[in-house]
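Student: The following block contains the structure, expressed as structure tokens.
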Amino acid sequence: MPRLIIISNRLPITIDKKEGELMYHPSAGGLATGLSSLDESIEKLWIGWPGKAIEDDWEQAAIKNDLQKEGLIPIFLNQEDIECFYEGFSNKVIWPHFHYFTQYTTYNNTSYWEAYKKVNQLFEKAVAENYQEGDIIWVQDYQLMLLPAMIRKTFPKASIGFFLHIPFPSYEIFRVLPWRKQLLDGVLGADQIGFHTYNYMRHFLSAAYRISGIEHNFGKMVVKGRMVNVDVFPMGIDYWKYAKHAVTLDPRDEAFKIERMARKKTIVLSIDRLDYTKGIPQRIKAFENFLETYPEYIEKVTLLLVVVPSRSNVDQYQELKAEVDSLVGRINGLYGSYDWSPIQYFYRSLPFKVLSTLYKVSQIAMITPLRDGMNLVAKEYIASKEESEQGVLILSEMAGAANELTEALIVNPHDSDDIVETLKKAIEMNSSEQRWRLKKMQDGLKKYNVKNWAENFIKNLMDLTQEQKNSEVHLLNKETAEDIINAYKNTSQRLIILDYDGTLMGFQNDPQAVVPDEELLGILEELCADSQNKVVINTGRDKETIGKWLGHLPLEFAAEHGVWTKKGKKWVKNPGLRNGWKPDVESVLESMVERTPGSFIEHKDYSLAWHYRRIDKELGAKRIREFRDVLAYLTSNLDLQVLEGNKVIEIKNAGVSKGQATLGWSNAKEWDFIFAIGDDHTDEDTFKALPETAFTVKVGDAKSAARYNIGTVEHVRSLLKLFLEK
Ligand code: GDG
Numbered sequence: 001m002p003r004l005i006i007i008s009n010r011l012p013i014t015i016d017k018k019e020g021e022l023m024y025h026p027s028a029g030g031l032a033t034g035l036s037s038l039d040e041s042i043e044k045l046w047i048g049w050p051g052k053a054i055e056d057d058w059e060q061a062a063i064k065n066d067l068q069k070e071g072l073i074p075i076f077l078n079q080e081d082i083e084c085f086y087e088g089f090s091n092k093v094i095w096p097h098f099h100y101f102t103q104y105t106t107y108n109n110t111s112y113w114e115a116y117k118k119v120n121q122l123f124e125k126a127v128a129e130n131y132q133e134g135d136i137i138w139v140q141d142y143q144l145m146l147l148p149a150m151i152r153k154t155f156p157k158a159s160i161g162f163f164l165h166i167p168f169p170s171y172e173i174f175r176v177l178p179w180r181k182q183l184l185d186g187v188l189g190a191d192q193i194g195f196h197t198y199n200y201m202r203h204f205l206s207a208a209y210r211i212s213g214i215e216h217n218f219g220k221m222v223v224k225g226r227m228v229n230v231d232v233f234p235m236g237i238d239y240w241k242y243a244k245h246a247v248t249l250d251p252r253d254e255a256f257k258i259e260r261m262a263r264k265k266t267i268v269l270s271i272d273r274l275d276y277t278k279g280i281p282q283r284i285k286a287f288e289n290f291l292e293t294y295p296e297y298i299e300k301v302t303l304l305l306v307v308v309p310s311r312s313n314v315d316q317y318q319e320l321k322a323e324v325d326s327l328v329g330r331i332n333g334l335y336g337s338y339d340w341s342p343i344q345y346f347y348r349s350l351p352f353k354v355l356s357t358l359y360k361v362s363q364i365a366m367i368t369p370l371r372d373g374m375n376l377v378a379k380e381y382i383a384s385k386e387e388s389e390q391g392v393l394i395l396s397e398m399a400g401a402a403n404e405l406t407e408a409l410i411v412n413p414h415d416s417d418d419i420v421e422t423l424k425k426a427i428e429m430n431s432s433e434q435r436w437r438l439k440k441m442q443d444g445l446k447k448y449n450v451k452n453w454a455e456n457f458i459k460n461l462m463d464l465t466q467e468q469k470n471s472e473v474h475l476l477n478k479e480t481a482e483d484i485i486n487a488y489k490n491t492s493q494r495l496i497i498l499d500y501d502g503t504l505m506g507f508q509n510d511p512q513a514v515v516p517d518e519e520l521l522g523i524l525e526e527l528c529a530d531s532q533n534k535v536v537i538n539t540g541r542d543k544e545t546i547g548k549w550l551g552h553l554p555l556e557f558a559a560e561h562g563v564w565t566k567k568g569k570k571w572v573k574n575p576g577l578r579n580g581w582k583p584d585v586e587s588v589l590e591s592m593v594e595r596t597p598g599s600f601i602e603h604k605d606y607s608l609a610w611h612y613r614r615i616d617k618e619l620g621a622k623r624i625r626e627f628r629d630v631l632a633y634l635t636s637n638l639d640l641q642v643l644e645g646n647k648v649i650e651i652k653n654a655g656v657s658k659g660q661a662t663l664g665w666s667n668a669k670e671w672d673f674i675f676a677i678g679d680d681h682t683d684e685d686t687f688k689a690l691p692e693t694a695f696t697v698k699v700g701d702a703k704s705a706a707r708y709n710i711g712t713v714e715h716v717r718s719l720l721k722l723f724l725e726k
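Quick note on numbering: the sequence shown equals residues 1 to 726 in the numbering used here.
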């Protein structure tokens, strides 16, 4: 059974020291609950910071020893790490930036960045000390974005997952960060990358494409020859922990008093960590606006404002605290009476019993973050209404949870009037409407609870690891490459068919920049020098260009996807080609160019190609969709075919292809060795035209009719060089 190594900034415990004695308290956050409910047979290790700066060696050793028994591995951070890594890069750079608070992002502190790298490396070291082959590694959240790639470097075959608990911002925001590439590459070290919502996933994929040029197919991408899956895993809660029946309250309990108050007033609950992302001042002001607009609710509705202290060493949090204090003071002074305060304000963390009672007794919960990865409080509130079947949730559309809790009353947290009207609607909502809305949301939360969330993520990661293994079978490895080389060495009638762009030369933005380099010319020259080889370049390029570049070598050619062939001195045209269709198609393509700056038409003798390699991929795809219908109409009348290549579509006579050209060589005589290699859709025709015994190789990891896949142009050249080794 594989072990699961969880890595998060914080361990699920806090350490206390009383009279010199170390005390450990479990802190049961959502993650800890989800993981503890996982299959018991999976052994778990958890690596993280215990939450206190402990610099004494003896004390560190004692803690390490105590925690080891629980499967916890502490990472010790010193005061400087805490200031620069945790409060600095994590909470003054990534946190504000990813929540769209760019005005709070610190861009110019290199010691923050250095500390972030250093601490991620500390975590990597702990992984390296504990990792065993077959373990599953699951890295959590924004404090450890460099870690997946660091682990990958040490353990290239490890199965690594990464989950981001906060939003991933749109590319336009993400690109502003000076460390965008490093953070992106760090995360791309993982095999599976998870987000709470499809929007965050979409933003990440767009950043990966625009910053690192990595394309995806329904979230699957290939990173340095490794299959990576990007997907959505919305985090759930421990439903029944909140849904179970009410606890008995002692009259001395704070919760008891709140419960009594709720019998007389409508309670509107607000709970968050003190954080500028949570929209606390905006919410308080909207409540004031409500009292002003609907004074009939004065003394009838109370805002119960729970603010949990958080990150109090960061400036903005101190300023926010002062702002909240002053707003509450002002509104209570303005509207309060001797026996009623419009806002009951608690600035502290509440014990679970009190929290759970608040959820149960509040008629309304108003959760209006300006940005929030998910927001579990909203889900916990809904679960707590299992028994009473009464309660209304007002939820910000900017919280990830709004994607699932669609029966909540959804508001724009910046729109005070929207909140006021929604609050009125919530107060006046009848019981049956409350019941059906709650029921719908509860059904969803029961099904997709935190246990399913963790199980799903891990199961998907394990399936992916298996898929990677299966696809490796086709990847040309040492043994299969040796088979091909041995076959080459033991034969004397050899046909070698080579595609050009993307196979022998890397793919370039400028098509004219793909002139063959010295190394390639050397390889081709040597291959041709062996009289037992027939070497064919089978390309989509026009005959003039390919002739100019390689015509001086004793190669044979098929150009323009089989329109022209050259076996001796002269180019020969494929019989039966016509050109009468060109003006019609050309006018369609011209209008595409007009509307899509950066794209261009390539005029070939018997075909037309529309290239969009310089424009945005999505825009190119949209244009192709728009024009496919028109082209389909034209091509069906004129017996043409449309070939989709890599960022190019080509229109030409039907029945002319690289495959057809290939047959011209493969049928010409009895070869005892046939080898063909290519990288795009049009090369599939070549692979399909050849007998099963041929060695066919596809460049890249896409599915193919070829027998093998090979990584990159560099790998292709290395393989060809091995042919030539004596
Ligand atoms: C981050 C993302 C994402 C709150 N007050 C008390 C208390 N809590 C508990 C709640 C809840 C948790 O803290 C808060 O979770 P949230 O999801 O609401 O918010 P963040 O702390 O910002 O969490 C967020 C989350 O990660 C998970 O991926 O949803 O978007 O920002 O469970 O119950 N618990 C107790 N006393 C309190 O006073 N005992």
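For each residue, glycine too, the CB sits at the ideal point set by N, CA and C.
Which of the three DSSP states is assigned to residue 160 in this structure?
Tutor: In the structure shown, residue 160 sits in a strand (DSSP, three-state: E or B).
Student: Would you decide whether residue 147 is buried or exposed? Buried here means 16 or more other CB atoms lie within 10 Å of its CB.
Tutor: So residue 147 ends up on the buried side.
Student: Got a sec? Which residues, its chain only, sit under 7 Å from residue 16 by beta carbon, not counting five neighbours each side?
Tutor: The answer, listed in chain order, is 23, 25.
Student: Would you report the Cα separation of residue 671 and residue 529, rounded to the nearest angstrom?
Tutor: When rounded, the distance between both Cα atoms is 18 Å.
Student: Does the beta-carbon distance from residue 48 to residue 8 come in below 8 Å?
Tutor: In contact: residue 48 and residue 8 (Cβ atoms closer than 8 Å).
Student: Tell me whether residue 375 counts as near the ligand GDG, meaning its Cβ is closer than 7 Å to at least one heavy atom of that ligand.
Tutor: Result yes, Cβ under 7 Å from the ligand GDG.
Student: Determine which residues share a DSSP beta bridge with residue 194 and list them.
Tutor: Its beta-bridge partners are 163, 231.
Student: Can the beta-carbon of residue 450 be found less than 8 Å from the beta-carbon of residue 238?
Tutor: A contact, by the Cβ cut-off of 8 Å.
Student: In this structure, how does DSSP classify residue 350 when only helix, strand and coil are distinguished?
Tutor: In the structure shown, residue 350 sits in coil (DSSP, three-state: anything other than H, G, I, E or B).
Student: The ligand GDP and residue 591: does the residue's C-beta get closer than 7 Å to at least one heavy atom of that ligand?
Tutor: The ligand GDP is not part of this structure, which contains only the ligand GDG.
Student: In chain order, which continuous runs of the beta strand (DSSP E) of length 3 or greater are located wholly inside the segment 234-280?
Tutor: Runs found: 266-273.
Student: What residue range does the beta strand (DSSP E) around residue 9 cover?
Tutor: Unbroken beta strand (DSSP E) run through residue 9: 4-10.
Student: Sort out for me which residues DSSP pairs residue 221 with in a bridge.
Tutor: 216, 228, per the DSSP bridge assignment.
Student: Rounded to whole angstroms, what is the Cα-Cα separation between residue 64 and residue 58?
Tutor: Near 10 Å, if we compare the C-alpha coordinates of residue 58 and residue 64.
Student: Quick check: the Cα distance between residue 392 and residue 133, rounded to an integer number of angstroms?
Tutor: If I take the Cα positions, the gap works out to 50 Å.
Student: Comparing the CB of residue 380 with every heavy atom of the ligand GDG, is any distance shorter than 7 Å?
Tutor: It does: the Cβ of residue 380 is within 7 Å (strictly closer) of some heavy atom of the ligand GDG.
Student: Kindly identify the DSSP beta-bridge partner or partners of residue 603.
Tutor: For residue 603, which the question treats as bridged, DSSP gives the partners 608.
Student: Under the rule that 16 or more other beta-carbon atoms within 10 Å means buried, what is residue 338, buried or exposed?
Tutor: Per the 10 Å Cβ criterion, exposed.
Student: Where does the unbroken alpha helix (DSSP H) through residue 312 begin, and where does it stop?
Tutor: Looking at the DSSP string, residue 312 is not in any alpha helix (DSSP H), and its letter there is neither H nor E.
Student: Please state whether DSSP places residue 69 in a helix, a strand or coil.
Tutor: DSSP places residue 69 in coil when its eight states are reduced to three.
Student: For the beta strand (DSSP E) that contains residue 381, what are its first and last residues?
Tutor: Residue 381 -> not in any beta strand (DSSP E); alpha helix (DSSP H) instead, spanning 376-383.
Student: According to DSSP, simplified to helix, strand and coil, what is residue 550?
Tutor: Of the three classes helix, strand and coil, the one that applies to residue 550 here is helix, per DSSP.
Student: For residue 38, tell me which candidate among 53, 12, 4 has the shortest Cα-Cα distance.
Tutor: That would be 4, whose Cα lies nearest to the Cα of residue 38.
Student: Starting from residue 644, follow the beta strand (DSSP E) in both directions and report where the run begins and ends.
Tutor: Its beta strand (DSSP E) spans residues 640-645.
Student: Where does residue 543 land, buried or exposed, given buried means 16+ other C-beta within 10 angstroms?
Tutor: Residue 543 should be labelled buried.
Student: By a C-beta neighbour count over all protein chains shown, 10 Å radius and 16 as the cutoff for buried, is residue 20 buried or exposed?
Tutor: By the 10 Å Cβ count, residue 20 comes out exposed.
Student: Just how far apart, CA to CA, sit residue 435 and residue 390?
Tutor: Distance between the alpha carbons of residue 435 and residue 390 is about 6 Å.
Student: Excluding five sequence neighbours on each side, which residues of the same chain lie with their C-beta closer than 6 Å to the C-beta of residue 689?
Tutor: Cβ neighbours of residue 689 beyond the five flanking positions: 659, 662, 663.
Student: Would you decide whether residue 243 is buried or exposed? Buried here means 16 or more other CB atoms lie within 10 Å of its CB.
Tutor: When all chains shown are included, residue 243 counts as buried.
Student: Comparing the CB of residue 352 with every heavy atom of the ligand GDG, is any distance shorter than 7 Å?
Tutor: Correct: residue 352 has its Cβ closer than 7 Å to the ligand GDG.
Student: Bridge partners of residue 494, per DSSP?
Tutor: Bridge partners of residue 494: 533, 673.
Student: Give the C-beta separation of residue 723 and residue 546 to the nearest angstrom, bearing in mind that I take them to be a contact with Cβ-Cβ under 8 Å.
Tutor: That belief does not hold up - the Cβ atoms of residue 723 and residue 546 are roughly 22 Å apart, past 8 Å.
Student: What span of residues does the beta strand (DSSP E) with residue 395 cover, start to end?
Tutor: Here the beta strand (DSSP E) through residue 395 covers 392-396.
Student: Relative to the C-alpha of residue 250, which candidate in 357, 409, 341, 455 has its C-alpha closest?
Tutor: The candidate whose alpha carbon is nearest that of residue 250 is 357.
Student: What are the boundary residues of the alpha helix (DSSP H) that includes residue 708?
Tutor: It is not in any alpha helix (DSSP H) - residue 708 instead sits in the beta strand (DSSP E) that spans 708-710.
Student: Is residue 355 near the ligand GDG - that is, is its Cβ less than 7 Å away from at least one heavy atom of it?
Tutor: For the ligand GDG, at least one heavy atom lies less than 7 Å from the Cβ of residue 355.
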